[in-house]
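Top line first, the protein sequences correspond to chains G and W. Take the first sequence: its letter number 13 is residue 13 in the working numbering, and every next letter is one higher. To convert, count from 1 in the second sequence and add 1000; that's the working numbering. For every residue, glycine included, the Cβ atom is placed at its ideal position computed from N, Cα and C. Computed from a predicted model, the values in this text were never measured in an experiment.
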Amino acid sequence: AQKVTQAQTEISVVEKEDVTLDCVYETRDTTYYLFWYKQPPSGELVFLIRRNSFDEQNEISGRYSWNFQKSTSSFNFTITASQVVDSAVYFCALSERGGATNKLIFGTGTLLAVQP
Amino acid sequence: KAGVTQTPRYLIKTRGQQVTLSCSPISGHRSVSWYQQTPGQGLQFLFEYFSETQRNKGNFPGRFSGRQFSNSRSEMNVSTLELGDSALYLCASSYGVGGELFFGEGSRLTVL
């Protein structure tokens, strides 16, 4: 069965520290997509990245980077030099059926608190 | 570009009542999905619509229903409300399927 596990419930760091959010997924599909979303207190989910199962290249966007490893079924997210504005709940999600659906399986989320 | 608009933002109902939530997608988006978010169950998929057709449905009882109109706007309805239906209901739109979903700020339903 498809499943996304975010073992870290809460993480607290001090500003400028680097932090890595872990995501482990389970799926029987060979073609799938992985996502990261950010949920600030306002409630809406903000898209951060989408990665397909055939692209294991790591990606960097500013202070954000993602490490996708199919061998360990992990898609981890690192924030470098964290800032207070990064405080939010972060969700990892999985989409199966070769991406032919907008049904996402979400992890339980990781609450990141960045202290000044 | 206007984002996804959900109405109402907050509402309080009592057990047994019904509720209708509305979602206006981003202009040009043809796909609308609905999710329920609760502290206990997290984010769970409810429905997915594309060009007025329901393409996918989550594991929710028949009390939960939805539809999409020709202008891509969508509504979801929950009948015979139960306390456990208290949740943040999030709507997301996209141009097609499999890509980035744009979420609204949600409708927070409290059932007393």
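By the Cβ criterion, the segment 1027 to 1034 of chain W is in contact with the segment 1078 to 1098 of chain W, since at least three pairs of Cβ atoms, one from each stretch, lie closer than 8 Å. Against chain G, the beta carbon of S1031(W) has neighbours under 8 Å at N102, listed in chain order.
Counting only the Cα atoms, V114(G) lies some 6 Å from S12(G). Fewer than three Cβ pairs drawn from the segment 1007 to 1021 of chain W and the segment 90 to 102 of chain G lie within less than 8 Å of each other, which leaves the two stretches out of contact.
Residues of the segment 1062 to 1084 of chain W with a C-beta less than 7 Å from any C-beta of chain G: none at all. In the three-state scheme derived from DSSP, where H, G and I count as helix and E and B as strand, R1073(W) is classed as coil. With a threshold of 8 Å between beta carbons, Y33(G) makes contact with chain W.
At a C-beta separation below 9 Å, G62(G) has no neighbours in chain W, since its nearest C-beta there lies roughly 18 Å away. Rounded to whole angstroms, F75(G) and Q57(G) show a C-alpha spacing of 11 Å. Taking the C-beta atoms as reference points, T1020(W) is found nearer than 8 Å to N1077(W). Residue nearest to A7(G) within the set T78(G), V84(G) and L21(G) is L21(G) (criterion: CA-CA distance). Below the 9 Å Cβ cutoff, chain G contributes no neighbours of V1019(W), its closest Cβ being approximately 18 Å away.
At a cut-off of 8 Å between C-beta atoms, F106(G) counts as an interface residue with respect to chain W. With its beta carbon less than 8 Å from one in chain G, F1103(W) belongs to the interface.
Annotated as distal: L1088(W) and Q1044(W), with beta-carbon spacing of 8 Å or more. Against chain W, the CB of S95(G) has a partner CB under 8 Å away; the residue lies at that interface.
Between S1094(W) and chain G, the shortest Cβ-Cβ separation is below 8 Å.
What E1100(W) touches in chain G, judged by beta-carbon distance under 7 Å, is F47 and R50, going in chain order. With respect to the 8 Å criterion, I79(G) and V19(G) are classified as neighbours on the basis of their beta carbons.
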